[in-house]
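A.B. asks: With the working numbering applied, the sequence shown closes on residue 202, and no number is skipped along the way.
Just so you know, even glycine gets a beta-carbon here, dropped at the ideal spot from N, CA and C.
One structure is given below, represented as structure tokens, and several questions about it will come after.
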Amino acid sequence: MATNPRTRLGELERAVMEHLWTASEARPEGLTVRDVHDAIGVERGLAYTTLMTVLDRMAKKKLVTRERDGRAWRYLPASSRDELTSEALHHTLGELAGSERRSALLRFLDQSTPEELDELRAALADLEQREGKRKTG
């Protein structure tokens, strides 16, 4: 099965993205490698250069954007959590043929909690309402 390198995050990439998503609300100018290293690298025992390499690779994968700030780069998430999650789900389902896709969706629903099913029903209702407004508006 082919993978989508943009949505297939390793454990460290996931931690970096989580930190960038959280921090970008308070720091819309973005974070430097030093900021990320101080927040997650120190406690993990990672070298500064490890996070510099990870962020550089994430920029090449278009997971983050970066902008020069003097000699440093400032990094921001290129997509929201919702956007990246949606992309991953669409990619995974897109690899399956029609009946396999339906089977995977049914298995997912079978393993969902009642609360998760309620959330899915609410999301579908919102989608149907938006579609109705588009058709009449």
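Look at the alpha carbon of residue 187 and the alpha carbon of residue 150, and state the distance between them as a whole number of angstroms.
C.D. replies: For the purposes of this step, residue 187 is taken as the residue at position 122 of the sequence shown. For the purposes of this step, residue 150 is taken as the residue at position 85 of the sequence shown. Those two C-alpha atoms are separated by around 18 Å.
A.B. asks: Under 8 Å by Cβ, that's how I've got residue 139 and residue 94 pegged, so tell me the actual separation to the nearest angstrom.
C.D. replies: Locating residue 139 in the sequence shown gives position 74, counting from the first residue. Locating residue 94 in the sequence shown gives position 29, counting from the first residue. Yes, they are in contact, since the Cβ atoms of residue 139 and residue 94 sit about 6 Å apart, within 8 Å.
A.B. asks: Hey, would you say residue 116 sits closer than 8 Å to residue 102, going by beta carbons?
C.D. replies: One-based indexing of the sequence shown puts residue 116 at position 51. One-based indexing of the sequence shown puts residue 102 at position 37. Remark: C-beta atoms of residue 116 and residue 102 approach each other more closely than 8 Å.
A.B. asks: Helix, strand or coil: which one does DSSP assign to residue 139?
C.D. replies: Within the sequence shown, numbered from 1, the residue matching residue 139 stands at position 74. Of the three classes helix, strand and coil, the one that applies to residue 139 here is strand, per DSSP.
A.B. asks: Report the residue from 97, 153, 162 whose alpha carbon sits nearest the alpha carbon of residue 137.
C.D. replies: Within the sequence shown, residue 137 is the residue found at index 72, counting from 1. The option with the nearest alpha carbon to residue 137 is 97.
A.B. asks: Is it the case that the stretch 72–84 contacts the stretch 116–129, given that we only count it when at least three CB pairs across the two stretches are under 8 Å?
C.D. replies: The stretch 116–129 makes contact with the stretch 72–84, as at least three CB pairs between them are under 8 Å.
A.B. asks: List the endpoints of the continuous alpha helix (DSSP H) containing residue 121.
C.D. replies: Counting from one through the sequence shown, the residue named residue 121 turns up at place 56. 113–125 is the span of the alpha helix (DSSP H), which, as asked, contains residue 121.
A.B. asks: Where DSSP assigns a beta bridge to residue 131, which residues make up the other side?
C.D. replies: For the purposes of this step, residue 131 is taken as residue 66 along the sequence shown, with counting starting at 1. According to DSSP, residue 131 bridges with 140.
A.B. asks: Have a look at residue 189 and residue 99 and give me their C-alpha separation to the nearest angstrom.
C.D. replies: What you label residue 189 is simply residue 124 of the sequence shown in a count that begins at 1. What you label residue 99 is simply residue 34 of the sequence shown in a count that begins at 1. Residue 189 and residue 99: Cα-Cα distance of roughly 42 Å.
A.B. asks: Tell me the DSSP bridge mates of residue 170?
C.D. replies: Here the question's residue 170 lines up with position 105 in the sequence shown. According to DSSP, residue 170 bridges with nothing at all.
A.B. asks: Are there 16 or more other CB atoms within 10 angstroms of the CB of residue 142, so buried, or fewer, so exposed?
C.D. replies: Taking the sequence shown and counting its residues from 1, one reaches residue 142 at position 77. Buried: at least 16 other Cβ atoms inside 10 Å.
A.B. asks: Identify which residue in 109, 171, 184, 157 has its Cα closest to the Cα of residue 76.
C.D. replies: If you number the sequence shown from 1, residue 76 lands on position 11. For the residues 109, 171, 184, 157, the minimum Cα distance to residue 76 belongs to 109.
A.B. asks: Taking just the CA atoms, how far does residue 91 sit from residue 157?
C.D. replies: Reading the sequence shown from its first residue, position 92 is the one you call residue 157. Reading the sequence shown from its first residue, position 26 is the one you call residue 91. Going from the Cα of residue 157 to the Cα of residue 91 covers about 33 Å.
A.B. asks: Mapping DSSP to helix, strand and coil, what is residue 80?
C.D. replies: As a first step, residue 80 must be located in the sequence shown, where it is residue number 15. DSSP places residue 80 in helix when its eight states are reduced to three.
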